[in-house]
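With the numbering used here applied, the sequence shown corresponds to residues 60 to 300, in that order.
For glycine and all other residues, C-beta sits at the position ideal for the given N, C-alpha and C.
A quick write-up on the structure given underneath.
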Amino acid sequence: MPAWLRRIAERSAPAARRRRAVPAPGRAARVGWWAAGALPLVGCLTSFPIGASKPTIAVPGVGYQGGFAAGWQHPLNQPAYFTWLSNAMVAGTSLTLAARRTAPTSDAFWAVRTAGLGSVMVTGIVYNGLLRGMEQDTALYRFNDTLQHIVNPVLAPAVWAAFDPRGQITGRRAGLAAVIPLVWAAATLVRGARIDWYPYPFLDVPRMGYRGVGVVLSVVLAGFSGLLGVLGQLDRRLAVR
60 MPAWLRRIAE
70 RSAPAARRRR
80 AVPAPGRAAR
90 VGWWAAGALP
100 LVGCLTSFPI
110 GASKPTIAVP
120 GVGYQGGFAA
130 GWQHPLNQPA
140 YFTWLSNAMV
150 AGTSLTLAAR
160 RTAPTSDAFW
170 AVRTAGLGSV
180 MVTGIVYNGL
190 LRGMEQDTAL
200 YRFNDTLQHI
210 VNPVLAPAVW
220 AAFDPRGQIT
230 GRRAGLAAVI
240 PLVWAAATLV
250 RGARIDWYPY
260 PFLDVPRMGY
270 RGVGVVLSVV
280 LAGFSGLLGV
290 LGQLDRRLAV
300 R
């Protein structure tokens, strides 16, 4: 077919047919995604027996008085922690990539994937920079802590850089990804005012006030947005290579 005729045919074809297909992932990619999904899943699941056997950590000096005793309520409260949410997003999207023959193409999936990557890195930075030392001295807790706060914040972006299809972090998807931590923060503050408990001391509204907590959240969200920008730049560079 002459080149000019082929160009006309491509222009008249549906957009979905013109789009270059993403190659099927190889064995190494699937192994990487399974590992990057299974480990945060284990971290999320082991949070439940920890909650069942231990109450919420009593942080000295905070202004809120609520909390959860060991038992059925504390395990149900685990998704309130940003650590749990970030690891759950990484687990779900990584296992989806590992199980499918081809990668999803929806904005929703890649927004959650992007949010999970940014969130788990923020989790590692904030926890190890500000909250380290609040651990409970049990073997299961130390195992869970190592997975969720050390291993997964490094493993998830490494597997993404090595195996994820390129060109998936667009401005639209990064914007959608940023909505997730905003919704979590809003829901946490509303819930905290009702139950007089917050998952982290830097969200201590009774002591810091909404203005002080807002400043902290603005810094964290700015860091999150910066990480998404770095991921987007790296995604484009890797696509060129």
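Let me check understanding here. Comparing Cα to Cα, which of the options lies closest to residue i?
i              : options                           : result
alanine 236    : Ser165, Phe261, Asn187 and Asp263 : Ser165
leucine 214    : Pro99, Pro84, Leu154 and Arg160   : Pro99
glycine 230    : Ser178, Ser284 and Pro138         : Ser284
tryptophan 143 : His208, Gly273, Ala198 and Ile184 : His208
valine 299     : Met148, Ala220 and Arg225         : Arg225
aspartate 204  : Ala83, Ala245, Tyr140 and Tyr269  : Tyr140
glycine 125    : Val278, Tyr259, Arg295 and Asp255 : Asp255
valine 274     : Ser145, Ala244 and Ala97          : Ala244
glutamine 137  : Ser112, Val249 and Val121         : Ser112
asparagine 187 : Trp169, Ala167 and Pro212         : Pro212
Helix, strand or coil: how does DSSP classify residue i here?
i              : result
glycine 282    : helix
tryptophan 243 : helix
alanine 162    : coil
threonine 229  : coil
aspartate 294  : helix
tryptophan 224 : One point to set straight first is that residue 224 is proline, not tryptophan, in the sequence displayed. Three-state result, proline 224: coil.
Could you compute how far the alpha carbon of residue i sits from the alpha carbon of residue j?
i             : j                 : result
glycine 282   : methionine 180    : 10 Å
leucine 293   : tyrosine 200      : 34 Å
arginine 86   : tryptophan 92     : 10 Å
proline 134   : phenylalanine 127 : 9 Å
aspartate 263 : valine 171        : 27 Å
valine 101    : alanine 252       : 31 Å
alanine 198   : proline 265       : 33 Å
glycine 291   : valine 210        : 22 Å
proline 119   : leucine 189       : 15 Å
arginine 76   : glycine 110       : Because the pLDDT of arginine 76 is 41, which lies under 50, any placement of that residue in the model is unreliable, and the number read from its coordinates should be weighed accordingly. Each residue's Cα considered, the two are about 50 Å apart.
alanine 220   : glutamine 132     : 38 Å
In terms of residues, what are the limits of the alpha helix (DSSP H) holding residue i?
i              : result
tryptophan 256 : Careful: tryptophan 256 lies outside any alpha helix (DSSP H) and carries neither H nor E.
Got a sec: does the ligand COA put a non-hydrogen atom nearer than 7 Å to the Cβ of residue i?
i           : result
leucine 297 : Although the ligand COA was asked about, the structure shown includes no ligands whatsoever.
Go through the segment 66-150 residue by residue and report every complete run of the alpha helix (DSSP H) that reaches 4 residues or more, in order.
-> 74-77, 86-112 and 132-135
Unbroken stretches of the alpha helix (DSSP H), 4 residues or longer, contained in the segment 168-213 | 198-205
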